[in-house]
Amino acid sequence: MSQQDNFAGGFIVGSIFGGLVGGVAGALIGARLQRRGLMPDDDLDTEALGEATEERMESARQGLEDKIAQLNDAIDDMRQQLGGVNGYSQSSSPSDHSSMSDA
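Right, dumping it as structure tokens:
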């Protein structure tokens, strides 16, 4: 029972100590980066950033749509190649065969 109490106490103390050390380290590193000019300032033109972000998002969306179209084509090709393997003809669908097995 005492080991469980020691574990719980050590865990709580370690969490608090780790949070304090991490907070101080983050504050110091953030201050240094801001002094060196590596962190963005709040004075930047947010409209220009917003437009650039929208353009990147639109470009990414278009790229994803192209990839989805390629995947759909590949899936259709594989269905055509494997259509005879599973015993299904090109014109039949799985729902047609399931109704036959119910009878």
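At position 43 of the sequence shown (counting the first as 1) the number is 43 in full-length UniProt numbering, and the numbers step up by one without a gap. The beta-carbon is built from N, C-alpha and C at its ideal position, and this holds for glycine as well.
Alpha-carbon spacing of residue i relative to residue j, whole angstroms
| i | j | result |
| --- | --- | --- |
| G18 | A31 | 20 angstroms |
| V21 | T53 | 35 angstroms |
| E65 | R35 | 42 angstroms |
| G9 | G37 | 42 angstroms |
| I75 | K67 | 12 angstroms |
| I16 | L82 | 60 angstroms |
| R79 | A60 | 29 angstroms |
| G23 | G63 | 39 angstroms |
| G14 | D73 | 54 angstroms |
| M57 | E51 | 10 angstroms |
Nonlocal neighbours in the same chain, by C-beta distance under 7 angstroms from residue i, ignoring five residues either side
| i | result |
| --- | --- |
| L28 | none |
Cutoff 6 angstroms; reference residue i; Cβ partners in own chain excluding five residues on either side
| i | result |
| --- | --- |
| A69 | none |
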